[in-house]
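A.B. asks: Just passing along the structure, written as structure tokens.
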Amino acid sequence: MNSPVAPSRRIGVLLVNLGTPDSPKTPDVRRYLNEFLTDVRVIDNLPAVVHYPLFQGIVVPLRAPKSAKIYQQLWTERGSPLLFHGLDLQKKVQAELGPEYVVAFGMRYQKPSIAKALEELREAAVERIIVLPLFPQYAAASTGSVQEKVMEIVGKWWIVPSISFISAFSDDPGFIGTIVELGKREMAKHQYDHIVFSYHGIPERHITKGSFHNYCQFGSCCDTLNDKNRYCYRAQCFETSRLVAAGLGITPDQYTVSFQSRLGRDPWLKPYTDFALKDMPAKGIKNVLAFSPAFVADCLETTIEVGEEFKEMFEEVGGEHWQLVPSLNSEPQWVDAVAAMIRRN
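Under UniProt numbering, the first residue of the sequence shown is numbered 1, with each subsequent residue one higher.
And the structure:
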């Protein structure tokens with residue numbers, strides 16, 4: 001008599017990115033910004049009685065029409081790049097991992113929601129769930145917000161499966177290797193004087209709030225990534241830059257690490273990219289290759305801000321050539337790297 005075949009126990013995988021409006025129209029952009037900018041992990045320095053009325057009643061209504069015009073420049077026939085690159089990545093990672101895994105994709109803000117993606121995994125009766133926020137460097141306002149949202153949703157389930165998080169992959173070999181390969185492709189086309197690694201900025205207070213026994217001093221404390229600064233966003237940005245630079249064969253004097261996308265008057269991580277690039281032509285730096293290693297998919301902050309706005313600023317002050325390296329999107333090497341991270345976890 002044949003023994004019964006044990007049912008396969010599949011592993012659920014949740015890939016999460018930040019979010020995007022449903023369309024570049026002002027009402028959809030307003031809904032997106034409203035959800036994003038009222039997240040207390042993003043705007044953490046205001047009491048709720050001030051935060052919500054201020055942003056819902058003044059900041060978002062004023063910002064939405066301007067942002068909508070920028071999203072119109074970004075939009076393609078397939079819609080938002082952040083969305084369709086995420087869905088492409090989901091499908092390719094699913095194919096790479098095979099039927100033992102169920103891969104879902106969600107956004108922290110707007111659609112497809114984290115709740116919808118988690119429900120897909122629950123309906124698939126997965127044994128456990130691995131959550132991979134698609135933010136290479138850990139920040140409380142991005143990765144931390146995703147983790148909090150996942151636990152808020154799953155905490156309401158009657159049966160809660162085992163859940164694990166991949167909290168950062170700033171030094172992951174597959175992640176670094178893919179950036180290096182994309183950089184080499186661009187370097188083969190043109191001779192560059194300098195490399196700029198432009199990361200999304202965060203307020204300095206986010207660093208100090210998470211500092212291990214006040215270890216972070218916004219200086220040489222980020223010269224190495226160690227146990228004390230493992231989850232320091234700034235330290236991880238510098239580590240990613242060092243590893244990519246080593247892969248490209250460039251020395252510290254041949255690249256700049258900087259930060260973009262400030263909001264409000266509080267000090268954010270420095271140097272600011274838009275300030276740093278304006279000084280470069282006077283120093284003889286006329287040809288720059290720019291990376292956006294905080295983003296794994298093309299989006300407004302890469303394509304428009306780094307690729308177009310910074311290019312225009314650079315040329316206005318005497319720069320000759322500014323080139324953005326494309327994001328990882330669903331490059332085969334990146335798909336392999338994501339699958340490898342999931343298998344290891």
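The C-beta atom is built at its ideal place from N, Cα and C for all residues, glycine as well.
#1: Grouping DSSP H, G and I as helix and E and B as strand, with all else coil, what is residue 296?
#2: Determine the direct distance from the alpha carbon of residue 39 to that of residue 76, and round the result to whole angstroms.
#3: Below 7 Å between beta carbons: does that hold for residue 82 and residue 26?
#4: Consult DSSP for residue 212 and reduce its assignment to one of helix, strand or coil.
#5: Among residues of its own chain, excluding the 5 on either side of residue 204, which ones have a beta-carbon nearer than 6 Å to its beta-carbon?
#6: With DSSP collapsed to three states, give me the class of residue 36.
#7: If you draw a straight line from the alpha carbon of residue 300 to that of residue 311, how long is it in whole angstroms?
#8: Are the beta-carbon atoms belonging to residue 115 and residue 153 less than 7 Å from one another?
#9: I need the boundaries of the alpha helix (DSSP H) containing residue 137, first residue and last residue.
#10: At 4 residues or longer, what runs of the alpha helix (DSSP H) sit wholly inside the stretch 20 to 105?
#11: Does the ligand GDP have a heavy atom nearer than 6 Å to the CB of residue 11?
#12: For residue 161, collect the residues of the same chain with a Cβ closer than 7 Å to its Cβ; drop the 5 residues on either side in sequence, then sort them by chain order.
#13: Return helix, strand or coil for residue 321, following the three-state DSSP convention.
#14: Nearest by alpha-carbon distance to residue 280: which of 339, 234, 216 and 193 is it?
#15: Relative to the alpha-carbon of residue 335, which residue among 49, 46, 87 and 317 has its alpha-carbon at the smallest distance?
#16: If you measure from the beta carbon of residue 216 to each beta carbon in chain D, is any gap under 7 Å?
#17: Are at least three pairs of beta-carbons, each pair with one atom in the stretch 304 to 323 and one in the stretch 201 to 219, less than 8 Å apart?
#18: Take residue 328 as the anchor and find which of 49, 302 and 227 has the nearest alpha-carbon.
#19: Pairs of beta-carbons, one from the stretch 31 to 48 and one from the stretch 60 to 67, closer than 8 Å: are there three or more?
#20: Express the C-alpha separation of residue 171 and residue 240 in angstroms, rounding to a whole number.
#21: Mapping DSSP to helix, strand and coil, what is residue 166?
#22: Between the Cα of residue 159 and those of 122, 135 and 166, spot the shortest distance and give me the residue it belongs to.
#23: For a test of the three-state rule: what should DSSP assign to residue 256, helix, strand or coil?
#24: For the pair the stretch 133 to 142 and the stretch 223 to 238, tell me if three or more CB-CB distances fall below 8 Å.
#25: Using the C-alpha atoms, what's the distance from residue 9 back to residue 201?
#26: Quick check: the stretch 275 to 290 against the stretch 64 to 71, are there 3 or more CB pairs under 8 Å?
#27: I'd like to confirm the pairing. Which residues does DSSP put opposite residue 268 in its beta bridges?
#28: Identify, in the order they occur along the chain, each residue of the same chain with its Cβ nearer than 6 Å to the Cβ of residue 4, setting aside the five sequence neighbours on each side.
#29: Any idea which residues DSSP pairs residue 12 with across the strands?
#30: With a CB to CB cut of under 8 Å and the five nearest residues on each side skipped, what residues in its chain are close to residue 74?
#31: Leaving out five residues before and five after residue 109 in sequence, what residues of the same chain have Cβ atoms less than 7 Å from its Cβ?
#32: Relative to the C-alpha of residue 210, which residue among 199, 219, 230 and 164 is closest?
#33: Ends of the beta strand (DSSP E) at residue 291?
#34: Quick check on residue 94: buried or exposed, where buried means 16 or more other Cβ atoms within 10 Å of its Cβ?
#35: Would you check if the distance between the CB atom of residue 90 and the CB atom of residue 103 is smaller than 7 Å?
C.D. replies: Working from what's here:
#1: coil
#2: 28 Å
#3: no
#4: helix
#5: 267
#6: helix
#7: 14 Å
#8: yes
#9: From DSSP, residue 137 is part of no alpha helix (DSSP H); its letter is neither H nor E.
#10: Given a length threshold of 4 residues, each whole run of the alpha helix (DSSP H) inside the stretch 20 to 105 is given here in chain order: 26 to 37, 48 to 54, 60 to 74 and 81 to 97.
#11: In the structure on display, the ligand GDP does not appear, and there are no ligands present to speak of.
#12: Only residues of its own chain outside the window of five on either side were considered, and among them 126, 127, 128 and 129 have a CB closer than 7 Å to the CB of residue 161, listed in chain order.
#13: Here residue 321 carries a strand assignment [DSSP, helix/strand/coil].
#14: 193
#15: 87
#16: Checking the listed chains, one finds no chain D in this structure; it contains a single protein chain.
#17: no
#18: 302
#19: These segments touch.
#20: Taking the straight line joining both Cα atoms gives about 6 Å.
#21: Per DSSP, reduced to three states, the secondary structure at residue 166 is coil, with no helix or strand assignment.
#22: 122
#23: strand
#24: Touching, yes, given that three or more Cβ pairs across the two stretches are closer than 8 Å.
#25: 41 Å
#26: no
#27: 203
#28: Because the pLDDT at residue 4 is just 45, under 50, the model does not fix this residue reliably, and the point stays unresolved.
#29: 102 and 129
#30: 24, 80, 81, 299, 300, 303 and 304
#31: 18, 19, 32, 35 and 36
#32: 230
#33: Looking at the DSSP string, the run of the beta strand (DSSP E) that includes residue 291 is 287 to 291.
#34: buried
#35: Result yes, Cβ atoms of residue 90 and residue 103 sit closer than 7 Å.
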